[in-house]
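From first to last, the protein sequence lines stand for chains A and B.
This note's numbering puts the first residue of the first sequence at 1, with every later residue one more than the last.
This note's numbering puts the first residue of the second sequence at 1, with every later residue one more than the last.
For glycine and all other residues, C-beta sits at the position ideal for the given N, C-alpha and C.
Worksheet for the structure shown next.
Protein chains: 2
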Amino acid sequence: MTGHVTMKDVARRVGCSSAVVSTVVNGARGNTVVGAAMRERVLGVAAELGYRTNFASRSLVRRRTRTLGVYIPSSPWAGLGYAYDDTILRGVEAASRKHGYDLLLIGLSGNQDPKTCLDKFAERRIDGLILIHAEGETPWVGELLARGCNVVAADYSGPEVGLDAMVFDNRAVSRVAVEHLAGLGHRQIGFIGSCRLSPNRDSVLRQQGFLQVTAEMGLEVPPEWVFDQRLLGRPLAPDADLCQIEGRAAAQHIVTLGQRGPTAWLAYCDLVAGIMLPVLRGGGVAVPGQISLMGVDDSDWCRMVDPPLTSVGHPLVDMGSRAVDQLVARIEAGPTETAGPRSGLRIVFPPTVVAKASTASV
Amino acid sequence: MTGHVTMKDVARRVGCSSAVVSTVVNGARGNTVVGAAMRERVLGVAAELGYRTNFASRSLVRRRTRTLGVYIPSSPWAGLGYAYDDTILRGVEAASRKHGYDLLLIGLSGNQDPKTCLDKFAERRIDGLILIHAEGETPWVGELLARGCNVVAADYSGPEVGLDAMVFDNRAVSRVAVEHLAGLGHRQIGFIGSCRLSPNRDSVLRQQGFLQVTAEMGLEVPPEWVFDQRLLGRPLAPDADLCQIEGRAAAQHIVTLGQRGPTAWLAYCDLVAGIMLPVLRGGGVAVPGQISLMGVDDSDWCRMVDPPLTSVGHPLVDMGSRAVDQLVARIEAGPTETAGPRSGLRIVFPPTVVAKASTASV
DNA sequence: TTGAAAGCGCTAACAT
DNA sequence: ATGTTAGCGCTTTCAA
């Protein structure tokens, strides 16, 4: 720990200049500029001495750190743990590794000031930034872009702001879900939307998608088959246990509807659907015997509940990996080619139904 | 992005040397060495120009990066997602922030070569390393220690190897669980252990703890009240869905025991307990009506299952934070004081019962 | 093919 | 109180 081995040490031992060591160690000029004998000796001594390039030093002169920042903005998700964002992070990690980049954790919990991202760029601590699950309405993103920072969002659901983004097709969520249910023979399908004061974009898009696809398919959806703020009577202020309230109320609503209700329901997220399950059972509504129920997110615990919950899954790991691929491409393409306001790349990822036991034929 | 502002730029603009800028910016010598007027001007110009210290440069000269590595070794947990480790990570994040350290993600998924940790130290990329949920039997940890690297483990369950570690009292898990059940009047308590070929240390300790505490309390535990490999008949090779097999088999065993079985069971982890729930219901065993059941880990989804699962929780966030506190203390205490084989610090964290609805009075 | 030298941007003695 | 200087360890022209 005390005496770290430097290039000079290696050079002295070999009896050459440190420039030669540098050339060899970096495999510069296609390994063609330094004599084979010398190369061998340098490599040998370097290994013997346990030489490792000093990171700070190299970054200083190269003006590159081969490090990517990762930032998860605070979100109103308030879901069950952090599994969602963390799954994206796994994809990010795998791809970074593949490209030989390191990851600097700028903010995981969402309670870190986004300005920190700007700082890390200004300090030349990172070459690029991955934004996980950003929702937009973030002026600091504009600031980043304006400064020409390399940023790519994984699972972005905000407005077009010139940001490269991997986006999940939240409207298609409802499409594939409804198609799944229709495929099981259901013609009467209801939707459980968010009852929040300011629902996140994901849930809004899913609800819009639901109304759209049912209309296209000619399925009638009376107002009382869409459970949201309207039916709840009051919008809910942000709080940790909102899904509990939403789920219980929705389930109660279904129990009350009885025979007049749909034969299948899609909840805007797993959590709400999962909470409904025991309440439905308690109310004498069998799932999937009397109604089919499905959620969205394909959370890990879907197989833990009874019955295991059919859900719509996201290619989260993929979105993370592809975001990094794109970011690295940008970084290695060299300094900002396009100075003006560019329009961001968008890659859309499709949802997939993961059928389990909570949905069945009518 | 092109022209980054350096100290020289600030100095030129102010009309002083860059040494003055450095002193001011770093608040060196207790802000007492530079004149107040000069100080103001420097600060003003620095702000105006948007000056930020170059990280590589500073690290190079300071020989400190104010960065902590985070590494999660691969583990046979194969549980439900990564919520467990990630929760520790949140604690690590919070504490790092508090101390003004950044976090470098060396390995999250457990499929990153541990040697990478050594490399990061050798490249002087990190000042210290946090090991999350390490199980020991890791020769590379010895290597790290031998080189005098600063390492602290959060939730360590391996043998004493001179590593500073935050450890969870896995034996006490069973103690508090049994006490909880006894408090509800249960005198006949069974245990569901791991059926794996090589069970992880956590589960082994929990089982040992169970046998010990029941003995101490004078509770009789006939062999068929401890479900493990013996009763299953075959040890299970590592696989993703082991908990499924364990849970189903255990539940089946309980159904078969009928009246001859205990009135309460403790499963070595939530996942197994959660899987048992529907099987028990299917077998006509009411929880908590006929038997009480509890798990360990207090996973997020415990409240999702029916009935919500009573469990034993860990102070995971705390363990993460305290690990960082200790690591930072070590780092800032200066270079390795103790050269010889030191004995690592151990801070033991107690478990807590988180009562929900799956346990009730006899 | 190899070496000398000039920085990268900052810090910390040491001078003034 | 402020400036000068000598590096930190590496990369990269440019000479030899």
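Is the shortest distance between the beta-carbon of residue i and the beta-carbons of chain A less than 8 angstroms?
i        : result
Gly210/B : It should be pointed out that residue 210/B corresponds to Phe in this sequence rather than to Gly. With 8 angstroms as the cut-off, Phe210/B does not count as an interface residue toward chain A.
Thr256/B : no
Thr53/B  : yes
Gln112/B : yes
Leu205/B : no
Val305/B : yes
Gly162/B : no
Ala339/B : Residue placement at Ala339/B cannot be trusted, given a pLDDT of 49 that sits under 50; the coordinates are not used to answer.
Ser18/B  : no
Met1/B   : Summary for Met1/B: the model assigns pLDDT 43, below 50, so the residue's position carries little reliability; its value from the coordinates is reported in the next sentence. It does: the Cβ of Met1/B has a partner Cβ on chain A nearer than 8 angstroms.
Gly284/B : no
Ser358/B : no
Counting only beta-carbon separations shorter than 8 angstroms, does residue i have a partner in chain B?
i        : result
Asp86/A  : yes
Glu93/A  : yes
Leu129/A : no
Ala78/A  : Its pLDDT being 48, under 50, Ala78/A is placed unreliably in this model, and the value from its coordinates should be taken loosely. Ala78/A does not count as touching chain B.
His186/A : no
Pro278/A : yes
Leu242/A : no
Trp301/A : yes
Ala83/A  : yes
Gly183/A : no
Please compile the residues from chain B whose C-beta is within a distance smaller than 8 angstroms of the C-beta of residue i.
i        : result
His4/A   : Ala122 and Arg124
Ser109/A : Arg90, Glu93 and Ala94
Can you pull the chain A residues whose beta carbon is under 8 angstroms from the beta carbon of residue i, in chain order?
i       : result
Arg97/B : Gln112
Leu60/B : Asn54, Ala56, Ser57 and Leu60
Of all the options the options, which has the alpha carbon lying nearest to the alpha carbon of residue i?
i        : options                                   : result
Ser292/B : Leu271/B, Ser299/B and Trp265/B           : Trp265/B
Arg90/B  : Val70/B, Ser75/B, Ile106/B and Ser74/B    : Val70/B
Pro351/B : Leu345/B, Ala56/B and Val296/B            : Val296/B
Gly218/A : Leu144/A, Arg187/A, Pro235/A and Asp202/A : Arg187/A
Glu93/B  : Leu129/B, Met294/B, Ser74/B and Lys120/B  : Leu129/B
Val173/A : Val348/A, Gly35/A, Gly110/A and Ser358/A  : Val348/A
Asp169/B : Glu160/B, Thr6/B and Leu205/B             : Leu205/B
Ala165/A : Asp318/A, His99/A, Thr256/A and Ile192/A  : Asp318/A
Cys149/A : Ser109/A, Ser358/A, Ala355/A and Val328/A : Val328/A
Gly107/B : Val61/B, Ala95/B and Leu68/B              : Leu68/B
Arg234/A : Ser198/A, Thr32/A and Leu280/A            : Ser198/A
Ser157/A : Phe227/A, Val25/A, Leu103/A and Ala134/A  : Ala134/A
Lys8/B   : Val45/B, Gly320/B and Lys115/B            : Val45/B
Ser299/B : Gln290/B, Pro288/B, Leu316/B and Gly289/B : Leu316/B
Arg52/B  : Thr23/A, Asp239/A and Cys117/A            : Cys117/A
Gly136/A : Val161/A, Lys120/A, Lys115/A and Leu144/A : Val161/A
Just checking residue i against the ligand ATP - is the residue's beta carbon closer than 7 angstroms to any of the ligand's heavy atoms?
i        : result
Met166/B : Here there are no bound small molecules, and the ligand ATP is not part of this structure.
So what does residue i bridge to, in DSSP terms?
i        : result
Gly164/A : In the sequence under discussion, the amino acid at residue 164/A is Asp, which differs from the Gly named in the question. Answer by DSSP bridge pairing, in chain order: Val152/A.
Asp102/B : Thr67/B
Leu129/A : Gly69/A and Val151/A
Ala267/B : Ile192/B
Gly107/A : Tyr71/A
Leu145/B : BP columns for Leu145/B are empty, so no partner.
Leu236/A : Arg196/A
Using a C-beta to C-beta distance shorter than 7 angstroms, which residues of chain B count as neighbours of residue i?
i        : result
Asp102/A : Leu104
Asp119/A : Arg52
Run through chain A and tell me which residues come within less than 9 angstroms of residue i, C-beta to C-beta.
i        : result
Gly142/B : Those do not exist, as Gly142/B stays about 15 angstroms from chain A at its closest Cβ, beyond 9 angstroms.
Gly274/B : Trp301, Met304 and Val305
Note to self: Report the start-end ranges of each alpha helix (DSSP H) in the stretch 289 to 360 of chain A that is 4 residues or longer and not cut off at the edges.
What the structure shows: 316 to 332
Check: At which residue ranges does the stretch 154 to 231 of chain A contain complete beta strand (DSSP E) runs of 3 or more residues, listed in the order of the chain?
Finding: 164 to 168 and 189 to 192
Note to self: Runs of 4 residues minimum, wholly inside the stretch 4 to 67 of chain B: which ones carry the alpha helix (DSSP H) assignment?
What the structure shows: 7 to 14, 18 to 26, 36 to 49 and 55 to 62
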